[in-house]
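Since the structure comes first, as structure tokens, the remarks are kept for the end.
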Amino acid sequence: MSKSDDKRYNQFVGKTATIPESNAVVPIIADTLTKMEFGTGVVYWCPFGDSSDVEFVAKHPELKIKHIKNKDGTLNELAGKYAGMHIYKARKQVIEDWKAAGAVKSIEKKQQIVNVHERCSTPVEYLVSRQWFIKYLDIKPDLIKIGKKLKFYPDFMRQRYENWVNGLKWDWCISRQRYFGIPFPVWYCKKCKNVLLADEKQLPVDPLVHKPSKCSCGSTDVEPEQDVFDTWATSSVTPIITQKLFDGDTAKKLYPMDMRPQGHDIISTWLFYTVVKSYLHFKKLPWDTAAISGWVLDPYGEKMSKSKGNVVAPQEIMAKYSADALRWAASAAKLGEDASFQDKELVTGQKFVTKLWNASKFCDIHLKSYEGTKPQKLEIIDRWLLSKLNSLITKSIENYDNYEYSKTRHEVELFFWHDFCDNYLEIAKYRLYGSDTGKKQSAQYALYHTLWNVLKLMAPVTPHITEEVYQHYFAQRENIKSIHLSAWPVTDKKWSDAEAEKIGDAAVAVIGVVRKYKSQKGKPLNSELTQVTVKGFDKIMAIEDDIKAVLHAKKMRRNRDESGNYGIVIRTQMLGEFRVSSLLKAFYQSEI
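When you read off a place in the sequence shown, starting at 1, and then add 13, the result is the number in my numbering.
Below, the structure written as structure tokens:
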């Protein structure tokens, strides 16, 4: 076969050639599939060597086709003297025979792309057999159109779907020659060759066991279909099967479903075939959205797979770290991206679970007297915490709506660990232990609502520890059976307080610097300071009592610095005076 406009070989088109190893006479034809610039510009076509050969067969039905391969990889009698040989051995023998006949001009090693089985890496060979198909090449434009209505998360995964549909060249083969699977409810009449379908009332049936009704020709002599359905042909009806379990309004509500979560490697199979089935049955999508995740990779960047033996059993992980730690690690991966399996994520998840439990126990101690009412006055640092919580809830709702659970997990972790545990609890505990009822109630209000909302935000990621904490400390107050049945957190405009956030951030910065100073000097955190003087933070004195309590400072003063600098002067009785200049100027460009 050569290209029709290749003048080098035009004189041979229409003639025949003899194949050395079989003496078979084959026609020489011209076709656009040949590339003039590739090799000699002439192609030896053999039936079903690869996908291009299949395409060639469909294009030239006038050619006589010989099927020389058996299912076990050996050659049949049509292969002549090579009959009975395995295809790999036969290939080597053909080359030896060519050499002996003087038909080989040269042998060169070249790198080629060969399709192999995804698990065992065996090269794929084509066989010709009768199969069942679902026709869909004629509806490719419709499948593209309906696919555009499907919301992909992340959106770039849509292109994989469209590339697959646009590249389709054959209808959907839904039959497989396997031992296990759902059988086709079909028999063949031996007398008239009619195809007999099982009546719906007979389903489910196994044609190897059950018998059909009498054929229209009157014969009862039938042959059962032995093929089974391809797994994608059956798994693609899962949304429909789920709907059929219910009646009336419930069934209507369930279809289309809200979302399909799945991996990116089966967009061209499970997702696509489910869309096909839904379109053919109902002319609509099976779900509104598709959340596409990536693979879990081993430490060497390889996909984890049972066939490769690089899988870590989840049971082992849960036994060592806990189920919540495993879910925590899994939630670190962004949608659509592959994630490397790392022990450090499990360790971090385990630490978070422990931290949440310990912080909850501390809160419970100080919430036993909490009556659930909002105090007349909220202290600034409590308003600071609630304002940050309000922003966190807003971001989390947006992230969860977009299936960006990794962002929510990261932001809740930072808020809980840094703002709540490291800073707020340290600042507020002096009021919680104190005797001032008003200030104590203010801290209790902030404490309760913050922990309660953090638990709800993290419940989808760490469902076990959040439920445990809920049952211990919140169930009686909230009167809900489970945290997983509670209402989702909502924002409260009254909690938003930009000024309180600025003052609170300044206080946290000052406390952090002074604590660092104590650590560098080898002094315990509860060591007493004579005085702390701050520069450049106008309204920070509004939370003077909280700062003095945390820092164990007898006095706190503020000096206005006209130069716009920020700083701290720390005075101790034994070591004298120390200055820390330009405190967080990059963070506070506007004066507080």
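The beta-carbon is built from N, C-alpha and C at its ideal position, and this holds for glycine as well.
Per-residue burial, residue i [other beta carbons within 10 Å of its own, 16 or more giving buried]
i	result
residue 379	buried
residue 600	With a pLDDT of only 35 at residue 600, under 50, the local geometry of the prediction cannot be trusted, and no value is derived from it.
residue 396	buried
residue 436	buried
residue 31	exposed
residue 517	buried
residue 342	buried
residue 403	buried
residue 401	buried
residue 29	exposed
residue 195	exposed
residue 426	buried
residue 312	exposed
residue 465	buried
residue 510	buried
residue 113	exposed
residue 603	Low local confidence applies: a pLDDT of 35 at residue 603 is under 50, so the model's placement there is unreliable, and no value is given.
residue 127	exposed
residue 143	exposed
residue 120	exposed
residue 515	buried
Opposing strand residues paired with residue i [DSSP bridges]
i	result
residue 65	Answer is none; residue 65 lacks a bridge partner.
residue 225	Answer is none; residue 225 lacks a bridge partner.
residue 569	545
residue 407	Note: residue 407 sits in no beta bridge, so no partner.
residue 99	87
residue 528	Per DSSP, none; premise fails for residue 528.
residue 302	164 and 272
residue 199	210
residue 310	316 and 353
residue 326	BP columns for residue 326 are empty, so no partner.
residue 30	39
residue 341	Per DSSP, none; premise fails for residue 341.
residue 82	88
Under 8 Å between C-beta atoms of residue i and residue j
i	j	result
residue 5	residue 198	Only positions 14 to 605 of the chain appear in the structure, and residue 5 is not among them; the question remains open.
residue 542	residue 567	yes
residue 242	residue 187	yes
residue 419	residue 344	yes
residue 70	residue 185	no
residue 202	residue 209	yes
residue 26	residue 43	yes
residue 482	residue 398	no
residue 140	residue 82	yes
residue 22	residue 54	yes
residue 394	residue 440	yes
residue 277	residue 349	yes
residue 87	residue 73	no
residue 275	residue 284	yes
residue 429	residue 467	yes
residue 306	residue 264	no
residue 162	residue 298	yes
residue 240	residue 171	no
residue 458	residue 373	no
residue 303	residue 169	no
residue 159	residue 178	no
residue 272	residue 301	yes
residue 96	residue 33	no
residue 469	residue 508	no
> On the three-pair Cβ rule with 8 Å, is the segment 126-137 touching the segment 244-251?
Replying inline: no
> With a cut-off of 8 Å, do at least 3 Cβ pairs link the segment 544-551 to the segment 517-524?
Replying inline: yes
> Can you give, in chain order, each stretch of the beta strand (DSSP E) that sits fully within the segment 269-293 and has at least 3 residues?
Replying inline: 270-276
>> With three or more beta-carbon pairs closer than 8 Å as the criterion, would you say the segment 357-365 touches the segment 380-391?
In response: no
> Three or more beta-carbon pairs under 8 Å between the segment 494-514 and the segment 428-435, yes or no?
Replying inline: no
> Going along the chain, which unbroken runs of the alpha helix (DSSP H) with 4 or more residues stay wholly within the segment 436-485?
Replying inline: 438-446 and 450-471
> Counting Cβ pairs closer than 8 Å, one from the segment 413-428 and one from the segment 445-453, do we hit at least three?
Replying inline: no
> At a cut of 8 Å, does the segment 332-349 reach the segment 471-483 through at least three beta carbon pairs?
Replying inline: yes
>> Taking contact to mean 3 or more Cβ pairs, one atom from each stretch, closer than 8 Å, check whether the segment 144-156 and the segment 174-184 are in contact.
In response: yes
>> Count Cβ pairs between the segment 257-272 and the segment 226-245 that sit closer than 8 Å; are there 3 or more?
In response: no
> Which runs of the beta strand (DSSP E) fall wholly inside the segment 231-274 and span at least 3 residues, in chain order?
Replying inline: 235-237
> Quick one: any contact between the segment 526-539 and the segment 403-414, if contact means 3 or more CB pairs under 8 Å?
Replying inline: no
> Unbroken alpha helix (DSSP H) runs of length 4 or more, entirely within the segment 126-192: which are they?
Replying inline: 153-160 and 171-179
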